[in-house]
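K.L.:
2 protein chains.
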Amino acid sequence: MSSENIYYPHVSVDCVVFGFDGENLKVLLIERSISENNASYNDKKLPGSLILENEDLDDAASRILTELTGLKNIYLSQYRSFGNPDRVKNPRDILWLEKTLQLKIGRIVTVAYVALIKIDRKIQFNSPIAKSNWSDIKELKKINLAFDHKDVILEGLQYIRHRVSFEPHLFFELLPRKFTMSQLRILHDVINQTKSDVRNFQKKVAQWPWVVALDELEKDVPHRAARLYKFDRKKT
Amino acid sequence: MSSENIYYPHVSVDCVVFGFDGENLKVLLIERSISENNASYNDKKLPGSLILENEDLDDAASRILTELTGLKNIYLSQYRSFGNPDRVKNPRDILWLEKTLQLKIGRIVTVAYVALIKIDRKIQFNSPIAKSNWSDIKELKKINLAFDHKDVILEGLQYIRHRVSFEPHLFFELLPRKFTMSQLRILHDVINQTKSDVRNFQKKVAQWPWVVALDELEKDVPHRAARLYKFDRKKT
DNA sequence: ACAAAAGTGTTTGGAGTACACCCATGA
DNA sequence: TCATGGGTGTACTCCAAACACTTTTGT
C-alpha cells in the first residue's frame, strides 16, 4: 500500500454539491486566496482534488466530500468530464495549483460529480482542508470562480434538473428527514423552474409510494401547522 | 505546434459506435491480435486512443472516428468516464498497449463516447489504423473484449436508450437519409426493447414535426412499396 | 378579528393503448 | 391467386392542467 497517498497528477475530480435552504438552491464552494505580486486575491472554487495513484473515481469523490464536510454517505453521481487543454491555463490557477500541491502541473482532465446534501446536516465548514460555504445559485454570475468551474456548475445544474425529472425520489436527498408538502413543492419548483398548483402537486405526490405521511405536525410556525412526511427509500 | 502529435499518456477516449442494419443494433469493434509466448490471441476492442497533449476530449473522439472510418460529421456524445485503477491490469492488455504505443503505460482513465452512424455510409473497414467490423449487440456476451470494454459498451447502450426516450430525433442518426415507417418503427423497438403497435406508432410519429413524408416510394421490394420519409433537422 | 398558510375535488383535453380489416405489389 | 407487408380509425383509460373556497392557528 505504499502508493496509497500519492497523487496521480493528471486527473482530478470536482464535486458540485447542492443544498436546499427552503427557498433556493445552494452550491458548496471553497474560499481560495492567492497572493500574487504582493497583492492578494480571493475567489472560489469547487471542492475537488487530484485522484490518488490507486483510487477509483467514485472513491475520490467520496473522499473529497468526507475530508471537506466531515460527512459520509452523500449522494453522488458522475455526470461529465472536462478536458479542454486550456482549462488550466490561467496563470493564477497554475500558481495556486503548484503552491498547493507542491507539484509541477501540466494538463488536468477533471471528472465532475453532482452531490446532494440535506442542508441541515452538520457540515464542518472549516475543515483542515479548506473553508467552505453555501452560495446561492442565482448569484453565480457575480462569483469569481477558478478554472472552468462556472461551466462545471452550470452543467451540473442541468444534469440534476434532468435527473430528478425521471427519478423524483432524488428530491429527498435535499430535504430534511421530516418535511412538509410545501417544502417538497418549493424544492420541486426551484429545481424545475416551475410554479406548481398546490392541489395538482398533492395529487402527483400521492402517487409516489415512497412519500409517507406521518402522524405529526410542524411546530413553532405562526400559522396552521402542516403535516409532516418522510421518505421511505424501500418503496422507490 | 510542436506538441500537436504527442500523446498525453494518462487519459484516453473510447467510442461506442452504434449502427442499425434494419434488424439489429450493431457496435463497431476493432480486431486486435496479441502474440504472447509464441501463441497468438485474437479479440476485439473499442475504437479509442490516448488523447494528444493539446487536444480536447471531443476532438479526440472525432479524430478517432475519422481516422478509423474515413467519415466526418458523426454524432457523438460523451456519457461517462471509467477510471478504476484495475481497468488496465490484465497483462495481455498492458503488453498490447506498450507494444502499440511504444510507451511505458501506468494507469489510464478513459472518457467514453457514444457515436451513431448511418450504416449505409461508406466506412473504410481496413483503415491504416485498424481493421474494424460490426458486431451484433445481441452477440456481446460471446465476444472477448479488451480492458473493461464490455462494461463500457453496456453502459453506452443504456445511455443511448435513455437518450432517445427524450430526444427521439436521435433515431435519424441511425437511419438512411430516406427511410420507411417500418424501418423507423423497428429501430425504435430494437432500442427500446418494445414491440409497438403499427397504428399507434404512426400516430406518435405524426406528431413529430421533424419527420417529413416524401412523394416517393420504396423500390425493388417483393410486396407493396412503402412510402419514404426524411428527417428535417430544422424542425427539431 | 385578522393574517398566513394548510388542505381539499371537479372538469377538461391530450396522449397512450388495445384492437382488425382491406390494399397494393410481385412472384 | 397467393404471399407479403403497407396502410388506416375508434373507443377507452389515464394523466396533466386549470381553477376557488374553507380551515386552522398564532398574534
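Chains as they are written, first to last, in the working numbering: chain A, 15 to 250; chain B, 15 to 250. Beta carbons are placed, not taken as given, at the ideal position from N, Cα and C, and that holds for glycine. Please read all numbers here as calculations on a predicted model, not as lab measurements.
1. Where are the alpha helix (DSSP H) runs, 4 residues long or more, that stay fully inside the stretch 41-91 of chain A, in chain order?
2. Less than 7 Å separating the beta-carbons of Leu-228 (chain A) and Lys-244 (chain A)?
3. Can you find the residues in the same chain that come closer than 7 Å, C-beta to C-beta, to Val-178 (chain B), ignoring five residues on each side of it along the sequence?
4. How long is the line joining the alpha carbons of Leu-39 (chain A) and Gly-84 (chain A), rounded to whole angstroms?
5. Hey, how far is the Cα of Arg-135 (chain B) from the Cα of Ile-143 (chain B)?
6. Suppose you measure from the CA of Asp-165 (chain A) to the CA of Phe-180 (chain B); what does that come to, to the nearest Å?
7. With a threshold of 7 Å between beta-carbons, can Pro-99 (chain A) be considered close to chain B, or not?
8. In three-state terms, what does DSSP make of Ala-227 (chain A)?
9. From the DSSP output, which residues share a beta bridge with Thr-194 (chain B)?
10. To the nearest angstrom, how far is it from the Cα of Ser-17 (chain A) to the Cα of Gly-62 (chain A)?
11. So, is the C-beta of Val-123 (chain A) closer than 7 Å to a C-beta in chain B?
12. List the residues of chain A whose Cβ lies closer than 9 Å to the Cβ of Leu-71 (chain B), in chain order.
13. Between Ser-196 (chain B) and Lys-233 (chain B), what straight-line distance do the alpha-carbon atoms span, to the nearest angstrom?
14. Locate the alpha helix (DSSP H) running through Val-212 (chain A), then write down its first and last residues.
15. Helix, strand or coil: how does DSSP classify His-24 (chain B) here?
16. Would Tyr-93 (chain B) and Val-128 (chain B) be called neighbours here (beta carbons separated by less than 7 Å)?
17. Compare the C-beta of Val-25 (chain B) with all C-beta atoms of chain A and state if any pair is closer than 7 Å.
18. Apart from the five residues just before and just after Leu-90 (chain B), which ones in its own chain have a Cβ nearer than 6 Å to its Cβ?
19. Give me, in chain order, the residues of the same chain whose beta-carbon lies closer than 6 Å to that of Ile-137 (chain B); leave out the 5 immediate sequence neighbours on both sides.
20. Within 10 angstroms of its Cβ, does Pro-99 (chain A) collect 16 or more other Cβ (buried), or is it exposed?
21. Looking at the secondary structure, which residues open and close the alpha helix (DSSP H) in which Leu-109 (chain B) lies?
22. Measuring only between beta-carbons, confirm whether Asn-19 (chain A) sits less than 7 Å from chain B.
23. Give the secondary structure of Ser-179 (chain A) by DSSP, where H, G and I count as helix, E and B as strand, and everything else as coil.
24. Find the residues of chain A that neighbour Asn-68 (chain B), judging by a C-beta separation of less than 7 Å, and give them in chain order.
25. Taking 7 Å as the cut-off, decide whether the C-beta atoms of Arg-46 (chain B) and Asp-57 (chain B) are in contact.
26. Run the CB neighbour count on Ile-65 (chain B), radius 10 Å, all protein chains shown included, and call it buried at 16 or more, exposed below.
27. Taking the alpha-carbon of Glu-19 (chain B) as reference, which of B:Arg-247, B:Asp-162 and B:Leu-115 has the nearest alpha-carbon?
28. Among B:Lys-113, B:Val-31, B:Phe-215 and B:Ala-220, which one has its Cα closest to the Cα of Glu-187 (chain B)?
29. What do you reckon, are the CB atoms on Asp-162 (chain B) and Arg-213 (chain B) nearer than 7 Å?
30. Rounding to the nearest angstrom, what Cα-Cα distance links Ile-119 (chain A) and Gly-170 (chain A) in this structure?
31. Have a look at Leu-79 (chain B) and Asn-147 (chain B) and give me their C-alpha separation to the nearest angstrom.
P.N.:
Quick look at the numbers:
1. 71-83
2. yes
3. Leu-184, Phe-185 and Ile-205
4. 21 Å
5. 19 Å
6. 23 Å
7. yes
8. strand
9. B:Leu-242
10. Legend: pLDDT at Ser-17 (chain A) = 47, less than 50; position of this residue unreliable, value from coordinates given subsequently. Distance between the alpha carbons of Ser-17 (chain A) and Gly-62 (chain A): 20 Å.
11. yes
12. Ser-95, Phe-96, Gly-97, Asn-98 and Val-123
13. 15 Å
14. 212-220
15. strand
16. yes
17. yes
18. Ala-75, Tyr-127 and Ala-129
19. Thr-83
20. buried
21. 105-115
22. no
23. helix
24. Pro-99
25. yes
26. buried
27. Here the sequence assigns Asn to residue 19 (chain B), which means Glu is not the residue at that position. The shortest Cα separation from Asn-19 (chain B) among B:Arg-247, B:Asp-162 and B:Leu-115 belongs to B:Leu-115.
28. B:Val-31
29. no
30. 26 Å
31. 13 Å
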